[in-house]
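Presented below is the structure to which this report refers.
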Amino acid sequence: MIPDPGSVGEMSDVRLSLCMIVRDEAEMLPAFLEHVHGLWDELVVVDTGSVDETVSILEAAGARVSYRAWDDDFSAARNASLDAARGAWIAFFDADERVSPELCAQLRALVDAPESDIGAATVVMQNQLPAGHVHAAPLLRVFRNDPEVRFKHRIHEDISGAVSTYLGRTGHQLATLSGV
1 MIPDPGSVGE
11 MSDVRLSLCM
21 IVRDEAEMLP
31 AFLEHVHGLW
41 DELVVVDTGS
51 VDETVSILEA
61 AGARVSYRAW
71 DDDFSAARNA
81 SLDAARGAWI
91 AFFDADERVS
101 PELCAQLRAL
111 VDAPESDIGA
121 ATVVMQNQLP
131 AGHVHAAPLL
141 RVFRNDPEVR
151 FKHRIHEDIS
161 GAVSTYLGRT
171 GHQLATLSGV
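Using my numbering, you'd call the opening residue of the sequence shown number 1 and step up by one each time.
What follows is the structure, given as structure tokens:
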């Protein structure tokens with residue numbers, strides 16, 4: 001079901017909104033956009049003051065870019081992107097992250113599944129560390145679009161409490177995706 005248009009914009013058949021916050025990410029964006037090609041139906045970006053080619057790169061890729069002055073509040077910036085999203089599902093990634101083809105396929109399958117009981121999903125975040133070490137951990141990065149699901153905390157923004165409340169309220173389940 002697509003969310004209430006009064007809370008997330010006009011009704012549409014947008015299944016997945018990829019939401020981002022950016023500032024001076026022109027160097028990172030080409031590789032990021034290559035890795036998320038085919039993933040999103042809508043790319044919603046909040047720019048917090050870029051002075052490089054970030055905005056033009058994103059607009060050329062089809063993004064809807066809005067501006068929000070940076071006020072040292074990551075949650076407020078992320079929530080501005082959620083407020084503009086029209087998709088039934090939200091995914092959020094940063095320009096320095098690379099989404100694997102396997103994760104793209106898993107995410108598309110999740111959001112395109114009719115009548116799924118899944119309401120949110122974790123993905124595997126894999127960080128390459130010095131000396132060849134790798135740290136992998138599940139991170140909540142995908143959830144159904146709901147006006148009550150919003151980030152909190154100015155720094156180290158967190159969506160998990162709001163998603164947990166949403167899952168309890170709706171009876172939806174949390175999925176664990178294996179894609180990196």
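The beta carbon of each residue, even a glycine, is placed where N, CA and C say it ideally should be.
Rounded straight-line distance, which links the Cα of residue j to that of residue i
| i | j | result |
| --- | --- | --- |
| Glu42 | Leu129 | 32 angstroms |
| Arg169 | His133 | 40 angstroms |
| Ala172 | Asp117 | It is worth fixing the name first, because residue 172 is His in this sequence and not Ala. Going by the C-alpha atoms only, they are around 5 angstroms apart. |
| Ala113 | Phe93 | 22 angstroms |
| Pro30 | Asp96 | 10 angstroms |
| Cys104 | His37 | 9 angstroms |
| Val149 | Ser75 | 12 angstroms |
| Ala136 | Asn127 | 6 angstroms |
Proximity winner among the options, relative to residue i (alpha-carbon distances)
| i | options | result |
| --- | --- | --- |
| Glu102 | Glu115, Val123, Ala136 and Arg23 | Val123 |
| His35 | Asp158, Ala136, Ser100 and Val180 | Ser100 |
| Gly179 | Ser75, Arg98 and Glu115 | Arg98 |
| Val51 | Trp40, Phe74, Val22 and Asp72 | Val22 |
| Glu27 | Cys19, Ser56, Gly38 and Val44 | Ser56 |
| Gly62 | Asp72, Gln106, Val44 and Ala95 | Val44 |
| His156 | Gln106, Asp73, Val149 and Ala91 | Asp73 |
| Ala85 | Leu174, Met20 and Thr165 | Met20 |
| Asp24 | Asp13, Ala136 and Glu53 | Glu53 |
Close Cβ partners of residue i (< 7 angstroms) along its chain, the five nearest in sequence each way excluded
| i | result |
| --- | --- |
| Arg68 | Val46, Thr48, Ala77 and Ala80 |
| Leu140 | Ala120, Thr122, Ile159, Ser160 and Val163 |
Nonlocal neighbours in the same chain, by C-beta distance under 8 angstroms from residue i, ignoring five residues either side
| i | result |
| --- | --- |
| Asp4 | Confidence at Asp4 is low in this model, with a pLDDT of 37, below 50, so its placement is unreliable and the value that follows should be read with caution. The residues are Pro147. |
| Trp89 | Arg15, Leu16, Ser17, Leu110, Val111, Val142, Phe143, Arg144 and Asn145 |
Cβ pair residue i, residue j closer than 9 angstroms
| i | j | result |
| --- | --- | --- |
| Leu58 | Phe151 | no |
| Gln106 | Leu167 | no |
Endpoints, alpha helix (DSSP H) assigned at residue i
| i | result |
| --- | --- |
| Asn79 | Phe74 to Ala84 |
Segment limits, beta strand (DSSP E) that includes residue i
| i | result |
| --- | --- |
| Pro138 | Val134 to Arg144 |
Neighbourhood of residue i by C-beta distance below 6 angstroms, restricted to the same chain and skipping five residues each side
| i | result |
| --- | --- |
| Phe32 | Ala95 |
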